[in-house]
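Asker: Each residue of the sequence shown is one higher than the one before, counting from 165 in this note's numbering.
A virtual CB, placed ideally from N, CA and C, is assigned to each residue, including glycine.
Next up is a structure, given as structure tokens.
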Amino acid sequence: MSTLVSLEGVTKVYRLGQVEVPALRGVDLSLEAGDFLALMGPSGSGKSTLLHILGLLDRPTSGRVLWQGEDVSGLRPGRLAELRGRAIGFVFQTFNLVPTLSAQHNVELPLLFQGVRGKERRRRAQELLEQVGLGARRRHRPAQLSGGERQRVAIARALAADPQLILADEPTGNLDSVSGSEILELLAGLNRGGKTVVLVTHDPEAASTARWVLRMRDGRVWEEG
Ligand SMILES: Nc1ncnc2c1ncn2[C@@H]1O[C@H](COP(=O)(O)OP(=O)(O)OP(=O)(O)O)[C@@H](O)[C@H]1O
Ligand SMILES: [Mg+2]
165 MSTLVSLEGV
175 TKVYRLGQVE
185 VPALRGVDLS
195 LEAGDFLALM
205 GPSGSGKSTL
215 LHILGLLDRP
225 TSGRVLWQGE
235 DVSGLRPGRL
245 AELRGRAIGF
255 VFQTFNLVPT
265 LSAQHNVELP
275 LLFQGVRGKE
285 RRRRAQELLE
295 QVGLGARRRH
305 RPAQLSGGER
315 QRVAIARALA
325 ADPQLILADE
335 PTGNLDSVSG
345 SEILELLAGL
355 NRGGKTVVLV
365 THDPEAASTA
375 RWVLRMRDGR
385 VWEEG
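As structure tokens, then:
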């Protein structure tokens, strides 16, 4: 296996006026291509912060982030955004869909930003919605979909650019257990198809779908025994 992304001695300190909040206190982590990792830990332990750094959405205060062996800590914001758009898909607890757009148009959005032409864009979005079992709901807006369906739209959107890495921050947190299981099964299927997946969850059962589990506490990680 080859290493997709690794963190070396990563710290993150948030500054709120005079107050410093240490969110990560030195994290070393290596994620292989094809991995399925679950991140668990109490509220405030740094899971989302770590996910944002793995996803190149945020920079560490100190330490290095290597993407396929290349140090990306010093990349200009534009280059970082370009890499992120191409290689990483995000799924959030609150779905973060655009309420005024149909499922189809929500999935098309990242493709639009990447300059994919209309016809190809429509075809790809349609295909992705079918892949997540929502071919028949293309014209529905988020408010006209169930929670589980919204999350599936969000997953289709995360897949639009055919990313290597899928980062999901409590994707089942707002779902009933049946819809939640469907979302986990979908993520597991993507992983079997070759995608690298990181899943943040409070739920031990959800974490058990992953291949390995990291625990977080007070900004530090360790591997589950
Ligand atoms: N933008 C921010 N500014 C200041 N402090 C922040 C910011 N984001 C997070 N923090 C702080 O950093 C610490 C880690 O937060 P983080 O969101 O990573 O935790 P988490 O493990 O994801 O928690 P939860 O399970 O509640 O989502 C917390 O103490 C939090 O208050
Ligand atoms: Mg969080």
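So what does Glu234 bridge to, in DSSP terms?
Answerer: For Glu234, which the question treats as bridged, DSSP gives the partners Trp231.
Asker: Give me the Cα-Cα distance between Glu387 and Val377, rounded to the nearest whole angstrom.
Answerer: Each residue's Cα considered, the two are about 6 Å apart.
Asker: Identify every run of the alpha helix (DSSP H) within the stretch 345–382, keeping only runs that are complete inside it and at least 4 residues long; order them along the chain.
Answerer: 368–371, all fully within the stretch 345–382.
Asker: Pull up the CB-CB distance for Gly249 and Ile330, whole angstroms please, since I reckon it's below 8 Å.
Answerer: About 14 Å; that fails the 8 Å criterion.
Asker: Since Lys283 and Thr225 should fall inside the 8 Å C-beta cutoff, what is the C-beta to C-beta distance between them, to a whole number of angstroms?
Answerer: Going by Cβ atoms, the distance from Lys283 to Thr225 rounds to 45 Å, so no, they are not a contact pair.
Asker: Please report the straight-line C-alpha distance between Met204 and Gln182, rounded to a whole angstrom.
Answerer: Whole-angstrom Cα-Cα distance: 30 Å.
Asker: Cα separation between Val385 and Arg286?
Answerer: If you take the alpha carbons of Val385 and Arg286, they lie about 41 Å apart.
Asker: Pro241 bridges to which residues according to DSSP?
Answerer: Per DSSP, none; premise fails for Pro241.
Asker: Using three-state DSSP, classify Phe277 as helix, strand or coil.
Answerer: Note: Phe277 maps to helix in three-state DSSP.
Asker: How far does the beta strand (DSSP E) with Glu184 in it reach, from first residue to last?
Answerer: Its beta strand (DSSP E) spans residues 183–196.
Asker: Do Leu378 and ligand 1 come close, with the Cβ less than 6 Å from some heavy atom?
Answerer: Checking the Cβ of Leu378 against ligand 1 gives no.
Asker: How is Thr213 classed by DSSP in three states: helix, strand or coil?
Answerer: Here Thr213 sits in helix by DSSP.
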